[in-house]
Ligand SMILES: C[S@@+](CC[C@H](N)C(=O)[O-])C[C@H]1O[C@@H](n2cnc3c(N)ncnc32)[C@H](O)[C@@H]1O
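In my numbering, the protein residues as written are 1 to 271.
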């Protein structure tokens, strides 16, 4: 059933008629990131040209107002999870009434409700970026339990580029948490042959690979990160990408592990 619920999501999430306990299989949330920016929707002219017409979509700047203070107090008084209350109180001691704390005070009650409505087989993906991912991970640890953290997925959004006075900001973060026994649906799909031919144009004794620009100065310990003088991404069908370049490296054993866990032989034509 497709259903659109319009308005503040906390109001809906707290409605137990709409969202009973343990009623949802999968949550993916792409909330504000605390990016300290306002977002507008831009329209295009019929010609495809950018138009002057636009409207304000949402604000991603946070402030500790009287409203936030009241909502925070209400949450701390009524939250059934003592660990969450302790964690959020500790964060408040450190962050005080900063914009980051105002942001987390908005997120925490929603994450508690999302945990409530997830089935024991359910999973939750929280899409954020490095601005607040470290705090959100703490909050999620307190909501789901430390042992229910599953993955931190790094989404490389753009190629390497230079931002003034800092390293390029090129990635978002997706945090995966599960409840008791998450259902895991393996998704393996062979690359299109043409794509492999076009992109993975190099071969050595370890298989087919492509050159990439995920390189940085310096090395780390371990075989997978030994500098080889080029940035390379190993082709393993639909399992993992490995960069064996200078600095950023994936683990080859990850791929070996994935292979030993039943990747069909025929989905991996380069082995
Ligand atoms: C990072 S954007 C994600 C937008 C969407 N995923 C997309 O790709 O177009 C965050 C969205 O959360 C919405 N939002 C912020 N606070 C909300 C709330 N309390 N209840 C429901 N939606 C909210 C904003 O309006 C905004 O559209």
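Each residue gets a CB set at the ideal place from its N, CA and C atoms; glycine is no exception. For clarity, every value in this text was computed on a predicted model and none was experimentally measured.
request  = Using three-state DSSP, classify residue 11 as helix, strand or coil.
outcome  = helix
key: Closest residue to residue 212 among 182, 195, 160, 197 (Cα-Cα distance)   = 160
query = In terms of residues, what are the limits of the alpha helix (DSSP H) holding residue 210?
reply = Run containing residue 210: none in the alpha helix (DSSP H); it sits in the beta strand (DSSP E), 207 to 211.
query = Cα separation between residue 121 and residue 25?
reply = 7 Å
ask   = Are residue 124 and residue 177 close, meaning C-beta to C-beta below 7 Å?
value = yes
ask   = Is the distance from the Cβ of residue 131 to the Cβ of residue 2 below 7 Å?
value = no
message = Checking 7 Å against the spacing of the C-beta atoms, do residue 141 and residue 172 come in under that value?
response = no
query = What is the DSSP secondary structure of residue 19, counted as helix, strand or coil?
reply = coil
ask   = Is it the case that the CB of residue 17 approaches a heavy atom of ligand 1 more closely than 6 Å?
value = no
ask   = What are the boundary residues of the alpha helix (DSSP H) that residue 115 is part of?
value = Here the alpha helix (DSSP H) through residue 115 covers 99 to 117.
message = Which residues does DSSP list as the beta-bridge partners of residue 142?
response = According to DSSP, residue 142 bridges with nothing at all.
task = Can you grab the Cα-Cα spacing for the pair residue 200 / residue 190, in whole Å?
result = 14 Å
inquiry  = I want to check one thing, is the minimum distance from the CB of residue 99 to the heavy atoms of ligand 1 below 6 Å?
reply    = no
ask   = If you run the structure through DSSP and keep just helix, strand and coil, what is residue 72?
value = helix
task = Return the bridge partner residues of residue 155 from the DSSP annotation.
result = 172
ask   = Taking the alpha-carbon positions, what's the residue 18 to residue 31 distance?
value = 21 Å
ask   = Looking only at C-alpha atoms, which of 106, 137, 87, 103 sits nearest to residue 148?
value = Ranking 106, 137, 87, 103 by Cα distance to residue 148 puts 137 first.
The stretch 60 to 69 / the stretch 96 to 110 touching (three or more Cβ pairs under 8 Å) = As far as the Cβ criterion goes, the stretch 60 to 69 touches the stretch 96 to 110, which means the pair count is three or higher.
message = Below 8 Å on the Cβ atoms is my contact criterion, and I expect residue 79 with residue 27 to pass it. Report the Cβ-Cβ distance as a whole number of Å.
response = Contact doesn't hold; Cβ gap of about 19 Å is too wide.
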